[in-house]
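Each residue of the sequence shown is one higher than the one before, counting from 1 in full-length UniProt numbering.
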Amino acid sequence: MENKSLHEALFGAVCDKRVHLDWQTRMKILVGTAHGLAYLHEGCQTRIVHRDIKSSNILLDKDLTAKIADFGLARLMSEDRSYVSTRFAGTFGYWSPEYAMRGHLSEKADVFSYGIVALELVSGRNTFNDKLPTEQAFLLNWTWTLHENGNLMDILDPVLVEAQPEEVTRVIELALLCTQAVPSVRPSMTKVASVLLGQCQVETRNLEKPSFLSESSTMSRPQASTSEPKSDFRNDAPAITVVTAR
């Protein structure tokens, strides 16, 4: 892909001449990814759960249009099932609590992961950074701290000087809604796209800090991993892309 992945655009070495993502481009990526996931969840004859949505699985073409990649972990789900029980697989920092702890998989696991990616786009920070103070290491936990203190704008990537506070706040609150502990509270990806496009509002009254953020067993990084954790599947799985904008 011409501009590689979103992960490389956000976190790649400056010396590699990584692409600059201004606020409008980041919004375009968020909307495009939301449309792509909405198609997988609602537009296909059989629901598809990607199961490994993360910044490195969102590719950027020459126009910085987002394309969802790597369906090595994807699962098909029948319409009569609210979730399936399956062995956990995924990437640390993006997994939803019901999937990581109980193996309950539904499209709402993708919604949770999308919320984490949205926070990465707003902040320019990775979901986990062990070089930061403990209270800031987990991006979701740090965002909640700022939300509770009324300092949400402190999370904004300093390079995004043109971003409007109202729009930034809307995206952050939407990300917090996507990462709620209760799957049924998380919005559909169609609703997410509508919020991003300004067609409806974020239902902030439903926001509640997830209890798992204070549970060390859930938030602890696997001790065996010292680099970016890998998904639990073969690393040579083929990359399949979905054009998210129609």
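We put the CB at the ideal spot given by N, CA and C, even for glycine.
Values in this document were obtained by computation on a predicted structure and should not be read as measured data.
Query                                                                                                                                                                        : Result
In chain order, what residues of the same chain lie with their CB nearer than 7 angstroms to the CB of residue 85, ignoring the 5 residues before and after it?              : 103 and 104
Counting C-beta neighbours from all protein chains within 10 Å, is the total for residue 223 16 or more, i.e. buried, or is it exposed?                                      : Low local confidence applies: a pLDDT of 38 at residue 223 is under 50, so the model's placement there is unreliable, with the coordinate-based value given in what follows. Counting Cβ neighbours within 10 Å, residue 223 comes out exposed, since fewer than 16 surround it.
Compute the Euclidean distance between the alpha carbons of residue 218 and residue 115, then round it to the nearest angstrom.                                              : Low per-residue confidence applies at residue 218: pLDDT is 42, beneath 50, and the placement is therefore not dependable, though the value from the model is reported in the following sentence. C-alpha separation (whole angstroms): 18 angstroms.
CB-CB under 7 angstroms to residue 137, same chain, minus the five flanking residues each way: which ones, in chain order?                                                   : 128, 129 and 130
Any idea if residue 149 is buried or exposed, counting beta-carbon neighbours within 10 angstroms, 16 or more meaning buried?                                                : exposed
CB-CB under 6 angstroms to residue 260, same chain, minus the five flanking residues each way: which ones, in chain order?                                                   : The requested residue 260 does not occur in the structure, where the chain is confined to residues 1 to 246.
Can at least three beta-carbon pairs, one atom from the stretch 177-185 and one from the stretch 21-34, be found at a separation below 8 angstroms?                          : no
Of the residues 110, 81, 83 and 78, which one's Cα is nearest the Cα of residue 90?                                                                                          : 110
What span of residues does the beta strand (DSSP E) with residue 49 cover, start to end?                                                                                     : 47-49
Which residue from 199, 120, 159 and 164 puts its Cα closest to that of residue 20?                                                                                          : 159
Terminal residues of the continuous beta strand (DSSP E) containing residue 67?                                                                                              : 66-68
Assess, as a yes-or-no matter, whether the stretch 34-45 is touched by the stretch 193-201 under the definition of 3 or more beta carbon pairs within less than 8 angstroms. : yes
Closer than 6 angstroms by C-beta to residue 4: which residues in its own chain qualify, once you throw out the five before and the five after it? Chain order, please.      : none
Using beta-carbon positions only, say whether residue 88 and residue 69 come within less than 7 angstroms of one another.                                                    : no
Per DSSP, what kind of secondary structure is residue 104 in: helix, strand or coil?                                                                                         : strand
Could you please give me the residues that DSSP links to residue 247 through a beta bridge?                                                                                  : Absent from the structure is residue 247, since the part of the chain shown begins at 1 and ends at 246.
Per DSSP, which residues does residue 189 bridge with? Please list them.                                                                                                     : Its beta-bridge partners do not exist; DSSP assigns none.
What's the C-alpha gap between residue 43 and residue 182?                                                                                                                   : 24 angstroms
Using three-state DSSP, classify residue 53 as helix, strand or coil.                                                                                                        : coil
According to DSSP, which residues form a beta bridge with residue 272?                                                                                                       : Any question about residue 272 goes unanswered here, given that the chain covers just 1 to 246.
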